[in-house]
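A.B. asks: In the numbering used here, the protein residues as written are 12 to 282.
For glycine and all other residues, C-beta sits at the position ideal for the given N, C-alpha and C.
Because the structure is a prediction, the values reported are computed rather than measured.
One structure follows; several queries about it will come next.
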DNA sequence: AGAGGTACCTGGCAGC
DNA sequence: TGCTGCCAGGTACCTC
């Protein structure tokens, strides 16, 4: 479900409710997520003060004085701030108790998400250590992409979805950014000019920032922490629009499969 | 080292 | 109506 904008929207939505809050316990109904939720979540994290919530790539980091809870929403995860007496539904796997009134509730039907505990610097955690730069940071630009792409033959779409290259670009925004930059999704990463890579880096930043500004993309079930949907779906130029006319040239938007993921593009505009 | 495939899991939908 | 097969926003891990 969530790509970087949806995770950032979630972070901004929950932070006012959890920042500087002492947790009043944790309830785990389903421990089997991508990895089993470790016992330290109950024995350590459950009674800490959450100082801040950070985001790195698509990971949310709940920082406390004695360690960090690392949360990933996987394909289908979501977080909601709700009243404590709201009955849990199927797939509501974890509750973080916030004071007397509120609960931060994790729902994840497919259970590809993760909740882990880390007592060292979370950026050194094996899951985070090898991540590429944040796409919205100054470290990410066309020159960086040119350096990384040198002699690589992988298709550009897979290249920008590789979290070691750049963190947080998933299927929707990879499609949209390549359309915006006019680059064919199958083009080899090592055969793209520096000028075009600068356009691509700018397009990735713009697409992600626009999506964050309107609350992310709700395709089927993404909701913000307050329960409202995101509105970027109506801004999508090519994603999930196979057969529709290209908004730029009027040609027909095509759908192909790359690495078992759907790719949408316009053959007239992307080379 | 890079590239490609597989696995994890459930729900929704199209087609029969 | 009910079954089957396919698809879905992610990513670690395996093999070649």
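What's the gap between the Cα of residue 44 and the Cα of residue 184?
C.D. replies: As a first step, residue 44 is located in the first chain; it is residue number 33 there, counting from the start. As a first step, residue 184 is located in the first chain; it is residue number 173 there, counting from the start. Cα to Cα, the separation comes out at about 26 Å.
A.B. asks: Along the alpha helix (DSSP H) that carries residue 186, what are the first and last residues, could you check?
C.D. replies: Residue 186 sits at position 175 when you count from the first residue of the first chain. Start and end: 182–192.
A.B. asks: Tell me which residues share the same chain as residue 165 and place their Cβ nearer than 6 Å to its Cβ, disregarding the 5 neighbours each side in the sequence.
C.D. replies: The count along the first chain starts at 1 and reaches residue 165 at position 154. Once the five neighbours on either side are set aside, the close Cβ partners of residue 165 are 200.
A.B. asks: Within the continuous beta strand (DSSP E) that includes residue 250, where are the two ends?
C.D. replies: Here residue 250 is taken as the residue at index 239 of the first chain, counted from 1. First-last for residue 250: undefined, no H or E at that position.
A.B. asks: Expressed to the nearest angstrom, what Euclidean distance is found between the alpha-carbon atoms of residue 36 and residue 105?
C.D. replies: Here residue 36 refers to the residue found at position 25 of the first chain. Here residue 105 refers to the residue found at position 94 of the first chain. Going from the Cα of residue 36 to the Cα of residue 105 covers about 11 Å.
A.B. asks: Short of 7 Å in beta carbon distance, which residues of its chain neighbour residue 272, apart from the five on each side in sequence? Order them along the chain.
C.D. replies: Position 261 of the first chain, counting from 1, holds the residue named residue 272. Cβ neighbours of residue 272 beyond the five flanking positions: 182.
A.B. asks: Tell me, please, whether the stretch 92–112 touches the stretch 146–155 by the rule of three or more beta-carbon pairs shorter than 8 Å.
C.D. replies: The answer is no - the stretch 146–155 does not touch the stretch 92–112, with fewer than three Cβ pairs under 8 Å.
A.B. asks: Between the C-alpha atoms of residue 188 and residue 110, what's the straight-line distance to the nearest angstrom?
C.D. replies: As a first step, residue 188 must be located in the first chain, where it is residue number 177. As a first step, residue 110 must be located in the first chain, where it is residue number 99. Approximately 42 Å between the Cα atoms of the pair.
A.B. asks: Kindly confirm or deny that the stretch 157–173 and the stretch 247–264 touch, where touching means at least three C-beta pairs closer than 8 Å.
C.D. replies: Contact between the stretch 157–173 and the stretch 247–264 is absent, because fewer than three Cβ pairs lie under 8 Å.
A.B. asks: Suppose you measure from the CA of residue 230 to the CA of residue 244; what does that come to, to the nearest Å?
C.D. replies: In the first chain, residue 230 corresponds to position 219, counting from 1. In the first chain, residue 244 corresponds to position 233, counting from 1. Those two C-alpha atoms are separated by around 7 Å.
A.B. asks: Give the single residue among 194, 276 and 120 whose Cα lies nearest to the Cα of residue 253.
C.D. replies: The residue labelled residue 253 in the question sits at position 242 within the first chain. Considering only alpha carbons, the answer is 276.
A.B. asks: Could you give the first and the last residue of the continuous beta strand (DSSP E) run that contains residue 106?
C.D. replies: Numbered from its first residue, the first chain carries residue 106 at position 95. Per DSSP, residue 106 belongs to the beta strand (DSSP E) from 103–109.
A.B. asks: Please list the terminal residues of the continuous beta strand (DSSP E) segment that includes residue 218.
C.D. replies: Taking the first residue of the first chain as position 1, residue 218 is located at position 207. Segment 205–224 is the alpha helix (DSSP H) holding residue 218; no beta strand (DSSP E) there.
A.B. asks: Terminal residues of the continuous alpha helix (DSSP H) containing residue 159?
C.D. replies: For the purposes of this step, residue 159 is taken as residue 148 along the first chain, with counting starting at 1. 153–160 is the span of the alpha helix (DSSP H), which, as asked, contains residue 159.
A.B. asks: How long is the line joining the alpha carbons of residue 216 and residue 65, rounded to whole angstroms?
C.D. replies: The residue given as residue 216 occupies position 205 in the first chain. The residue given as residue 65 occupies position 54 in the first chain. Cα to Cα, the separation comes out at about 19 Å.
A.B. asks: Does the pairing of the stretch 118–130 with the stretch 39–54 give three or more beta-carbon distances under 8 Å?
C.D. replies: Judged by Cβ distances under 8 Å, the stretch 118–130 makes contact with the stretch 39–54, as three or more pairs qualify.
A.B. asks: Helix or strand or just coil, what does DSSP make of residue 171?
C.D. replies: Taking the first residue of the first chain as 1, we reach residue 171 at position 160. Residue 171 falls in the helix class under three-state DSSP.
A.B. asks: Ends of the alpha helix (DSSP H) at residue 23?
C.D. replies: Locating residue 23 in the first chain gives position 12, where the first residue counts as 1. Note, residue 23: alpha helix (DSSP H), 15–29.
A.B. asks: State the Cα-Cα distance for the pair residue 14 and residue 249, rounded to the nearest angstrom.
C.D. replies: Taking the first residue of the first chain as 1, we reach residue 14 at position 3. Taking the first residue of the first chain as 1, we reach residue 249 at position 238. Their Cα atoms are separated by approximately 17 Å.
A.B. asks: Whole angstroms is fine: what's the gap from residue 77's alpha carbon to residue 33's?
C.D. replies: Walking along the first chain from the start, residue 77 turns up at place 66. Walking along the first chain from the start, residue 33 turns up at place 22. Whole-angstrom Cα-Cα distance: 13 Å.
A.B. asks: Using the rule of at least 16 other Cβ atoms within 10 Å of the residue's Cβ for burial, across every protein chain shown, is residue 116 buried or exposed?
C.D. replies: Taking the first residue of the first chain as 1, we reach residue 116 at position 105. Per the 10 Å Cβ criterion, buried.
A.B. asks: Here's the rule: buried if 16 or more other CB atoms are within 10 angstroms of the residue's CB, otherwise exposed. What is residue 141?
C.D. replies: Residue mapping note: residue 141 aligns to position 130 of the first chain, counting from 1. So residue 141 ends up on the exposed side.
A.B. asks: Please say whether residue 17 and residue 233 have beta carbons closer to each other than 8 Å?
C.D. replies: Locating residue 233 in the first chain gives position 222, counting from the first residue. Locating residue 17 in the first chain gives position 6, counting from the first residue. Yes, Cβ-Cβ distance for residue 233 and residue 17 is below 8 Å.
A.B. asks: Assuming residue 52 is part of the alpha helix (DSSP H), what are its boundary residues?
C.D. replies: On the first chain, residue 52 is found 41 positions in, with the first residue counted as 1. 51–54 is the span of the alpha helix (DSSP H), which, as asked, contains residue 52.
A.B. asks: Would you grab the beta carbon distance between residue 25 and residue 92 for me? Rounded to a whole angstrom, and I think it's under 8 Å.
C.D. replies: As a first step, residue 25 must be located in the first chain, where it is residue number 14. As a first step, residue 92 must be located in the first chain, where it is residue number 81. Their Cβ separation, rounded to whole angstroms, is 6 Å, which keeps residue 25 and residue 92 in contact under 8 Å.
A.B. asks: Should residue 223 and residue 207 be called a contact, given that it needs their Cβ atoms to be closer than 8 Å?
C.D. replies: Residue mapping note: residue 223 aligns to position 212 of the first chain, counting from 1. Residue mapping note: residue 207 aligns to position 196 of the first chain, counting from 1. Cβ atoms of residue 223 and residue 207: not closer than 8 Å.
A.B. asks: Measure the alpha-carbon distance for residue 81 versus residue 221 and round it to whole angstroms.
C.D. replies: Within the first chain, numbered from 1, the residue matching residue 81 stands at position 70. Within the first chain, numbered from 1, the residue matching residue 221 stands at position 210. C-alpha separation (whole angstroms): 26 Å.
A.B. asks: If you check the beta carbons only, do residue 63 and residue 74 fall under 8 Å apart?
C.D. replies: Position 52 of the first chain holds residue 63. Position 63 of the first chain holds residue 74. Against a cut-off of 8 Å, the Cβ pair of residue 74 and residue 63 comes out as a contact.
A.B. asks: Helix, strand or coil for residue 90 per DSSP?
C.D. replies: Counting from one through the first chain, the residue named residue 90 turns up at place 79. Correct three-state label for residue 90: strand.
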